[in-house]
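Residue numbering for the sequence shown follows UniProt numbering, starting at 1 and increasing by one per position.
Where a beta carbon is used, it is the ideal one built from N, C-alpha and C, also for glycine.
In what follows, a single structure is set out as structure tokens and then discussed.
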Amino acid sequence: MRKTFFILHKYAGLFLGLLLSLIGITGSLLVFDHVLDETLAPETVTFRPSTHPASYAEILAAAQAAVPGNPSPTRLMIQRQAGSPHVVRFPRPEGAPGPVEVTVSPTDAEVLAVRGWGTPEYTMTWIYRLHYTLLAGKNGKTVVGLMGLLLMVFCVTGAVLWWPKRSRAKSNGKNGQRDWKRAFSISRSGNRFRFYFDVHKVFGIYFLPLLLMISFSGVTLVFPQQVEAVVGSLFATEPRPALPPSRTDRGVPLTADEVVAIGERAFPGGVLKRIYLPRNEGDSYGLTFRADGEAWTNYGASIARVDQYSGELLMTQNVTEIPLGNKILRWQFPLHNGDALGIVGRWLVLLAGLVPALLFATGSYLWWKKRRLQRQKASTASGNARIRQTSAA
């Protein structure tokens, strides 16, 4: 069994390790995607201070006027922290990789940037596409999900191969002891092969829990229905509620500010994160909040639906009060990007994303070095055989 695991671990790593490294490195960059985006595009965080911030209605109107054709916005993503902008999203233009996003100043509704999501000019979203779909749409997304499953296989087979064997020495008729200290340490003997072997082994085992968490959560994001079925068979779950339409189809729609005031009464102490605009005359407003006790920091999973005409509160769901199975599923994305683990967790997830590249590099070196030594031995043996044949003749 150990030999089978070794062969699987080695050749799967050699053939697919580079792709897994790419997914890991891009994932590491996305841990602080908002910070990096604001660094790469400083114009999006350059706006005049004000003691009277612009209303959501003003933000939406300014963003809509900045997009050719004046399409209706689909959502407003609230500034993630003081000093950050609001972002308004519009439908994806035909042939574009993603929707249009307009960055707007929260103080005076000045449009700061109009960018196409997923384009090279919008660097962090392009990296997101590369990480999530390999720039290959649904097929690429499926490949990424399968690579997540492969990473889980690497974790299992790597743990089996790492598990130290008993030493050959025996005392009192008993087998030798396992060298646990050696299993968790890196040799400094000066032997390069041993050093890279230890680096491969030690980094793999130390980051094993994080790699399992990241791989499972990634698989959940790509194959949500399949994972939901598995989780539902083990824990109590309930189906996601249907989003209710507005009950009134006539009248003057409420403004986003009026709807937010209604939703905030349903989540006292909650932090508004997104406003989903009605898609048509019969649709309702959607609001997401970060309620107390949620796993998120930059986002929110608690929701409220409001009739766009009457202001009736049609539905609320506090994510901290849902069944355990649903909580497990909702935790996967904030675990995947480290959001649920605070700033320390984010840095750990960032480092974990780099580990597959380290393991691929060290594993490739070990394979190349061993193969080279085998060829040298074979060449030496062949040469000795020719010498013996010549001597015999």
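For the set Gly363, Phe5, Lys181, Arg346, the Cα lying nearest the Cα of Ala159 is the one of Phe5.
The three-state secondary structure of Thr103, taken from DSSP, is strand. Not a single unbroken stretch of the beta strand (DSSP E) spanning 3 or more residues falls wholly within the segment 196-233. In this structure Ala109 is not in contact with Glu43, their Cβ atoms being roughly 16 angstroms apart against a cut-off of 8 angstroms. For Leu314, the secondary structure class from DSSP, reduced to helix, strand or coil, is strand. If you draw a straight line from the Cα of Asn70 to the Cα of Trp296, it is about 33 angstroms long.
The shortest C-alpha to C-alpha distance from Asn280 to any of Ala229, Ser246, Ala261 is the one to Ser246.
Taking all protein chains in view, the Cβ of Val344 is surrounded by fewer than 16 other Cβ atoms within 10 Å, so the residue is classified as exposed.
Leu135 has its alpha-carbon roughly 31 angstroms from the corresponding atom of Trp367. Unbroken beta strand (DSSP E) runs of no fewer than 3 residues, entirely contained in the segment 72-119, are found at 75-77, 86-90, 100-104, 111-116, following chain order.
Within the same chain, Gly145, Gly148, Leu149, Val227 come within 7 angstroms of Val219 by CB-CB distance, once the 5 residues on both sides are set aside. Pairing Val31 with Gly353 gives a Cβ-Cβ distance under 9 angstroms. The three-state secondary structure of Lys165, taken from DSSP, is coil. Cβ contact annotation for Pro97 (same chain, cutoff 6 angstroms, sequence separation greater than five): Gly118, in chain order. When secondary structure is reduced to three states using DSSP, Ile303 falls in the strand class.
Nearest C-alpha to Asn298 among Thr39, Ala304, Thr288: Thr288. By the CB criterion at 9 angstroms, His336 and Ser217 fall inside the cutoff. For Gly286, the beta-bridge partners assigned by DSSP are Tyr276, Arg305. If you check the CB distance, Leu329 and Pro241 do not come in under 9 angstroms.
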